[in-house]
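Colleague:
Number of protein chains: 2
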Amino acid sequence: MENFTFFNPTRIEFGTGKDQLIGEHLAEHGIKKVLLCYGSERIKREGLFDVVSKSLSEKGIAWVECGGIVSNPVISRVREGIALARQHHVDAILSVGGGSVLDSSKAIAAGVCYDGEVWDLFCGKARVESALPLFAILTLAATGSEMNPSAVVTNDETQEKFFISAAPLFPKVSIVNPALMQGVSRDYLVYSASDVIAHLIESYFTATVHPKLPSRLVESLINTVTETTEALLIDPANYEARAQFAWAATLALNGLTYSGAAGFSYPNHAIEHSLSALFNVPHGAGLSVIVPAWMKWYLDRNPAQFERFAKNVFGVDGGEQGIAALQAWYDKIGTPTHLPQLGIKEIDLPAIVENVQRNVRIFGIAETYTPEVVTAILKNAL
Amino acid sequence: MENFTFFNPTRIEFGTGKDQLIGEHLAEHGIKKVLLCYGSERIKREGLFDVVSKSLSEKGIAWVECGGIVSNPVISRVREGIALARQHHVDAILSVGGGSVLDSSKAIAAGVCYDGEVWDLFCGKARVESALPLFAILTLAATGSEMNPSAVVTNDETQEKFFISAAPLFPKVSIVNPALMQGVSRDYLVYSASDVIAHLIESYFTATVHPKLPSRLVESLINTVTETTEALLIDPANYEARAQFAWAATLALNGLTYSGAAGFSYPNHAIEHSLSALFNVPHGAGLSVIVPAWMKWYLDRNPAQFERFAKNVFGVDGGEQGIAALQAWYDKIGTPTHLPQLGIKEIDLPAIVENVQRNVRIFGIAETYTPEVVTAILKNAL
Numbered sequence: 004m005e006n007f008t009f010f011n012p013t014r015i016e017f018g019t020g021k022d023q024l025i026g027e028h029l030a031e032h033g034i035k036k037v038l039l040c041y042g043s044e045r046i047k048r049e050g051l052f053d054v055v056s057k058s059l060s061e062k063g064i065a066w067v068e069c070g071g072i073v074s075n076p077v078i079s080r081v082r083e084g085i086a087l088a089r090q091h092h093v094d095a096i097l098s099v100g101g102g103s104v105l106d107s108s109k110a111i112a113a114g115v116c117y118d119g120e121v122w123d124l125f126c127g128k129a130r131v132e133s134a135l136p137l138f139a140i141l142t143l144a145a146t147g148s149e150m151n152p153s154a155v156v157t158n159d160e161t162q163e164k165f166f167i168s169a170a171p172l173f174p175k176v177s178i179v180n181p182a183l184m185q186g187v188s189r190d191y192l193v194y195s196a197s198d199v200i201a202h203l204i205e206s207y208f209t210a211t212v213h214p215k216l217p218s219r220l221v222e223s224l225i226n227t228v229t230e231t232t233e234a235l236l237i238d239p240a241n242y243e244a245r246a247q248f249a250w251a252a253t254l255a256l257n258g259l260t261y262s263g264a265a266g267f268s269y270p271n272h273a274i275e276h277s278l279s280a281l282f283n284v285p286h287g288a289g290l291s292v293i294v295p296a297w298m299k300w301y302l303d304r305n306p307a308q309f310e311r312f313a314k315n316v317f318g319v320d321g322g323e324q325g326i327a328a329l330q331a332w333y334d335k336i337g338t339p340t341h342l343p344q345l346g347i348k349e350i351d352l353p354a355i356v357e358n359v360q361r362n363v364r365i366f367g368i369a370e371t372y373t374p375e376v377v378t379a380i381l382k383n384a385l
Numbered sequence: 004m005e006n007f008t009f010f011n012p013t014r015i016e017f018g019t020g021k022d023q024l025i026g027e028h029l030a031e032h033g034i035k036k037v038l039l040c041y042g043s044e045r046i047k048r049e050g051l052f053d054v055v056s057k058s059l060s061e062k063g064i065a066w067v068e069c070g071g072i073v074s075n076p077v078i079s080r081v082r083e084g085i086a087l088a089r090q091h092h093v094d095a096i097l098s099v100g101g102g103s104v105l106d107s108s109k110a111i112a113a114g115v116c117y118d119g120e121v122w123d124l125f126c127g128k129a130r131v132e133s134a135l136p137l138f139a140i141l142t143l144a145a146t147g148s149e150m151n152p153s154a155v156v157t158n159d160e161t162q163e164k165f166f167i168s169a170a171p172l173f174p175k176v177s178i179v180n181p182a183l184m185q186g187v188s189r190d191y192l193v194y195s196a197s198d199v200i201a202h203l204i205e206s207y208f209t210a211t212v213h214p215k216l217p218s219r220l221v222e223s224l225i226n227t228v229t230e231t232t233e234a235l236l237i238d239p240a241n242y243e244a245r246a247q248f249a250w251a252a253t254l255a256l257n258g259l260t261y262s263g264a265a266g267f268s269y270p271n272h273a274i275e276h277s278l279s280a281l282f283n284v285p286h287g288a289g290l291s292v293i294v295p296a297w298m299k300w301y302l303d304r305n306p307a308q309f310e311r312f313a314k315n316v317f318g319v320d321g322g323e324q325g326i327a328a329l330q331a332w333y334d335k336i337g338t339p340t341h342l343p344q345l346g347i348k349e350i351d352l353p354a355i356v357e358n359v360q361r362n363v364r365i366f367g368i369a370e371t372y373t374p375e376v377v378t379a380i381l382k383n384a385l
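Protein chains in written order, with this note's numbering: chain A, 4 to 385; chain B, 4 to 385.
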């Protein structure tokens, strides 16, 4: 076990009906006016907006709407959100949506408190020192953003997908009501499963030190994800499966599964972010393509852990067999495993490789993930 | 999954050398003077006191000593600590020791902020509304108190062992340095293993709802405890085993393993607390006697979970076989499994049963744990 700090002050309010209490949580924190960030108008059609506005009104909390946030959220919309938040002097950000809305909300929360251009915070020119308090109601379980201090946003001018991470960005309260996730499409369910698994396997495989305790926790969560995804594909109304899937997604990236691990990195995310930035593919769909391709390239660097994975997740012997089992499972649930399924061809590889080089610098792994290596990994996915 | 709240704001600083930074953590919280609680003079002989006092001095933090806190800590010493804290106007409590010192520190932190008699907070006459900020350096991994808001103290006049639990009692920072635990005796190591396992199995078996996700996490932690305990019995200097044991102990009672579970209770603790209160037996030693006895009585009420336990923890088939395997494992590591090993005979049972009745009321399980039932469980342990 390497030395570590575990600190996660986010309050998770998990379960049915918890969204009705958002006003109370805001009031407890002394909030009077929020910027209410959301994505599509679906939250209005499906009634969640009414629940939220009623709860806010009951506590005398005003709101300013900031809707239309898209998947693979963009910095231009973040800038608009910052302007709105300043114009209306809100004292908190309320995110109602999935990871894209929440990550945009975090960027807005940080940007409001930063005097310069918000993208500075993403490309390392400045650090997030403070942020408006952030509250979330989650409608899609995947990114784990509800219980961590990180956010990923795409710069739609430069085609860069970069991240920020800083303690002020921990949500104060995140409401996770699995019942709100029953309307998630089949596609987004399987992309979410892929995203959660990617969060779990990055440190599991890449860490130079990955003790058995965190490895066991990772395997417990992956097994939960595979089992509940299959149950939800059969019956999207299975609340129990939806709930365990959601809690596994939260725990997958809240610090728990890599506490005590050391020397790990996020190569799959670094590569996938370029697919999203250049081709606007759903993050989870990009990850289910990259992860098996990366695994095939990485296998010999950590064979024991791949054998462990094969056995404890898929009940098969041998690292290669474990990778094949994961890829077959992705095929079975219907998330892509090859670049052409994303509309990406061999001719596109140089542009991706070039874009990845910026990401691997940001992720601190440029020495290993040279253009040649990234090309080799991408070729595994053709 | 039942609705739940997960909220745990304690910062864990885990690893070697982290105790040297206690002054910095206190200074970050604006602390100027602490009540320094500890147990025996061992921390002075072994150098930890010097490390702490040096770190405090460097940050200009004053301290008042409150030593001599014993295992199964008593409320009379807590009262003395409260008087000292008030007399010297300390603005925080610093606990340097194991669970007994930390629980006493929590009681002092709460008692200083309460106008009445501190025992009121334990027997339900008053609630903990506020407390002095609390910081901890852990020297024994067992109780999980370093990352939860609970404390157990014995009233040495009334022979009651009761608990308090309230959000103000979350430590602000808990330093867990496994290297400080290498001097723990063989006996206290195995008692600690028993304590951690008891924390993990109470909700696992008694919950009316215990989803597979938390069950998997519990099994991951129990398997970590059994494996690392055996490694430490062979080589007490095995830092890796010591570290994974310590982190498993923290995670066993920080909210993680019962989030989503419902209807669970702590019957083994309710019964064991009477053994400690009446006979001053080490808590973990009492638990390794009570747990198998309780399991035999409880088996038929949750047979599927006992089968699961047998298979996933000990690799055996059948609930009875799982209980036998746990008891055999306790025997193997050398923690008691029968009351006579604690010096308790059949003639003592009525007094224990009577004392337990107060505990089961406090724990809210008096309807199930009638004198007849408790007698039956205790007889399983003769």
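No residue lacks a Cβ here, since even glycine has one placed at the ideal position from N, Cα and C.
Tell whether a beta-carbon distance below 9 Å holds between F138/A and S177/A.
Modeller: Contact: yes.
Colleague: Measure the CB-CB distance between N358/B and E163/B and report whether it falls below 9 Å.
Modeller: The Cβ atoms of N358/B and E163/B lie closer than 9 Å to each other.
Colleague: With burial defined as no fewer than 16 other Cβ atoms inside 10 Å of the residue's Cβ, what is the status of D53/B: buried or exposed?
Modeller: exposed
Colleague: Straight-line CA distance for A264/A to L24/B?
Modeller: 21 Å
Colleague: Can you name the start and end residues of the beta strand (DSSP E) that E68/B belongs to?
Modeller: 65-69
Colleague: Over what stretch of residues does the alpha helix (DSSP H) that includes I225/B continue unbroken?
Modeller: 215-237
Colleague: Here's a check: name, in chain order, each residue in its chain whose Cβ is nearer than 7 Å to the Cβ of L235/A, leaving out the five neighbours to either side.
Modeller: Same-chain partners within the cutoff: L192, N241, A244, R245, F248.
Colleague: Does chain A have any CB closer than 9 Å to the CB of A246/B?
Modeller: Interface residue, yes.
Colleague: Could you check the C-alpha separation between E5/B and V179/A for me, to the nearest Å?
Modeller: 12 Å
Colleague: Taking only beta-carbon atoms, is G20/B less than 9 Å away from chain A?
Modeller: Yes, because at least one Cβ of chain A sits closer than 9 Å to the Cβ of G20/B.
Colleague: Which of the three DSSP states is assigned to E310/B in this structure?
Modeller: helix
Colleague: Taking the alpha-carbon positions, what's the S108/B to I293/B distance?
Modeller: 27 Å
Colleague: Which residue marks the beginning of the beta strand (DSSP E) containing R14/B, and which one marks its end?
Modeller: 7-17
Colleague: Determine whether the Cβ of E5/A lies closer than 9 Å to any Cβ atom of chain B.
Modeller: Contacts with chain B at 9 Å (Cβ-Cβ) include E5/A.
Colleague: Can you tell me which residues form a DSSP beta bridge with A95/A?
Modeller: V37/A
Colleague: Going by DSSP in three states, N241/A sits in which element: helix, strand or coil?
Modeller: In this structure, N241/A counts as coil in the three-state DSSP scheme.
Colleague: Out of G20/A, I326/A, V319/A, which has the shortest C-alpha to C-alpha gap to A201/A?
Modeller: Residue I326/A is the option with its Cα nearest to A201/A.
Colleague: The ligand MN and A265/A: does any heavy atom of the ligand fall closer than 8 Å to the residue's C-beta?
Modeller: The ligand MN is not among the ligands present in this structure, which contains no ligands whatsoever.
Colleague: Looking only at its own chain, which residues have a Cβ that is under 7 Å from the Cβ of I85/B, when we skip the five neighbours before and after it?
Modeller: Cβ neighbours of I85/B beyond the five flanking positions: I111, G114, V115, V121.
Colleague: Count the other C-beta atoms from every protein chain shown that fall within 10 angstroms of the C-beta of Q185/B, then say buried if there are 16 or more, exposed otherwise.
Modeller: exposed
Colleague: Evaluate contact between the stretch 36-50 of chain A and the stretch 65-74 of chain A, counting only Cβ atoms and requiring at least three cross-stretch pairs below 8 Å.
Modeller: yes
Colleague: Does the beta-carbon of T211/A have 16 or more other beta-carbons within 10 angstroms, so that it is buried, or is it exposed?
Modeller: exposed
Colleague: Output needed in chain order: residues of the stretch 219-250 of chain B with a Cβ under 7 Å from some Cβ in chain A.
Modeller: If the cut-off is 7 Å between Cβ atoms, the stretch 219-250 of chain B has R219, L220, S223, N226, T227, E243, A246, Q247, W250 near chain A.
Colleague: Which ranges would you report for the alpha helix (DSSP H) in the stretch 263-335 of chain B if only whole runs of at least 4 residues count?
Modeller: 270-282, 286-301, 306-317
Colleague: Tell me the rounded alpha-carbon separation between W66/A and S58/A.
Modeller: 11 Å
Colleague: Look at the Cβ atom of P217/B, then the Cβ atom of S98/B, and state whether they are nearer than 9 Å.
Modeller: no
Colleague: Mind checking which residues open and close the beta strand (DSSP E) that includes E163/A?
Modeller: Where E163/A is concerned, the enclosing beta strand (DSSP E) stretches over 163-168.
Colleague: Check the C-beta distance from S268/B over to G127/B and give it rounded, since I have them as a contact under 8 Å.
Modeller: By a beta-carbon distance limit of 8 Å, S268/B does not contact G127/B. Their separation comes to about 17 Å.
Colleague: Less than 7 Å between C-beta atoms, sequence neighbours within five positions excluded: which residues of the same chain meet that for K299/B?
Modeller: Excluding five sequence positions before and after K299/B, the CB atoms of its chain that fall closer than 7 Å to its own CB belong to I326, N383, given in chain order.
Colleague: Beta strand (DSSP E) containing S74/B: first to last residue?
Modeller: Segment: none, S74/B is in no beta strand (DSSP E) and carries neither H nor E.
Colleague: Taking only three categories from DSSP, how would you classify S195/A?
Modeller: helix
Colleague: When DSSP builds the beta bridges, which residues end up paired with S177/B?
Modeller: I15/B, A139/B
Colleague: In the DSSP assignment, find the beta strand (DSSP E) that holds A110/B and state where it starts and stops.
Modeller: It is not in any beta strand (DSSP E) - A110/B instead sits in the alpha helix (DSSP H) that spans 102-115.
Colleague: For the stretch 175-194 of chain B, which residues have a beta carbon sitting closer than 7 Å to at least one beta carbon of chain A?
Modeller: none
Colleague: Helix, strand or coil for A154/A per DSSP?
Modeller: strand
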